[in-house]
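Undergrad: One structure coming up, written as structure tokens, with questions to follow.
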Amino acid sequence: MKAQQQLSPAILTKRTLDVDSADQAAQHPALFAQWQNGDLRPSAITLAFDPKARGGRDRMFSSTQFVGPWVDEACGTREPGVDRWEKGLFYPTWEQLCKLSALTETSLGILLNSPDTPNFLNGCSQVPTAFALRQVFHPLIVTATVNAHPHQAPLEDMTQALNQAIAAILQSIEDETDPLTLCLSELQTKPYLGEQDKS
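Under my numbering, the first residue of the sequence shown is numbered -13, with each subsequent residue one higher.
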């Protein structure tokens, strides 16, 4: 089987040049509303760039062609902007999401409708705080971004929202209601594969 030829950053970047985010919002009001509601998940961004999710695009063994500062620029941000989205630290603006969609050729519908089950991406940290941030964008982070639309939220506002989100996550870890604890508890209660119901 012939290996797929990788395109150059210059060619890939051209995909984002004619993106009209206002037109996208007008054509797809339901998807725009989903973005406003925070339906985008950080793991959906990672999988758009690297369907194998082999430890993140900064790893030497990643097979994806979406590596380097040009990716951030093509998505309308500066390095390490995209990495921050993947880690759930910042929420992309609508325009940035539209550019990401065009760059990766992943529809907005797929990005905004990823499964809501906990996602253990290969090579990613399973520290409870990092895991929680990567599962879903915290509402405070989403609100700070959406309230600034169509502009980028000031860094000060984003930092404040992130600090408040982390404080809330740390409290959920203490209460054992964080996503990682709940997920591991659920896995422990499930029967092993092949185990038969003896009732």
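Where is the CB? At the ideal position from N, CA and C, for every residue including glycine.
Reducing DSSP to helix, strand and coil, say where C84 ends up.
TA: Numbered from its first residue, the sequence shown carries residue 84 at position 98. In this structure, C84 counts as helix in the three-state DSSP scheme.
Undergrad: If you draw a straight line from the C-alpha of A12 to the C-alpha of K73, how long is it?
TA: Locating residue 12 in the sequence shown gives position 26, counting from the first residue. Locating residue 73 in the sequence shown gives position 87, counting from the first residue. Going from the Cα of A12 to the Cα of K73 covers about 29 Å.
Undergrad: Under the three-state reduction of DSSP, which class applies to D6: helix, strand or coil?
TA: On the sequence shown, position 20 is the one that residue 6 refers to. DSSP places D6 in coil when its eight states are reduced to three.
Undergrad: Would the beta-carbon of L94 fall within 8 Å of that of L(-2)?
TA: Within the sequence shown, the letter at position 108 stands for residue 94. Within the sequence shown, the letter at position 12 stands for residue -2. For L94 and L(-2), no; Cβs fall outside 8 Å.
Undergrad: May I ask which residues mark the beginning and end of the alpha helix (DSSP H) holding S158?
TA: Counting from one through the sequence shown, the residue named residue 158 turns up at place 172. Unbroken alpha helix (DSSP H) run through S158: 141 to 160.
Undergrad: For G24, name the three-state secondary structure that DSSP assigns.
TA: In the sequence shown, residue 24 corresponds to position 38, counting from 1. Here G24 sits in coil by DSSP.
Undergrad: Where does Q138 sit, in a helix, a strand or coil, going by DSSP?
TA: Position 152 of the sequence shown holds residue 138. Q138 falls in the coil class under three-state DSSP.
Undergrad: Within 10 angstroms of its Cβ, does G42 collect 16 or more other Cβ (buried), or is it exposed?
TA: Against the sequence shown, residue 42 aligns to sequence position 56. Low local confidence applies: a pLDDT of 46 at G42 is under 50, so the model's placement there is unreliable, with the coordinate-based value given in what follows. Result: buried.
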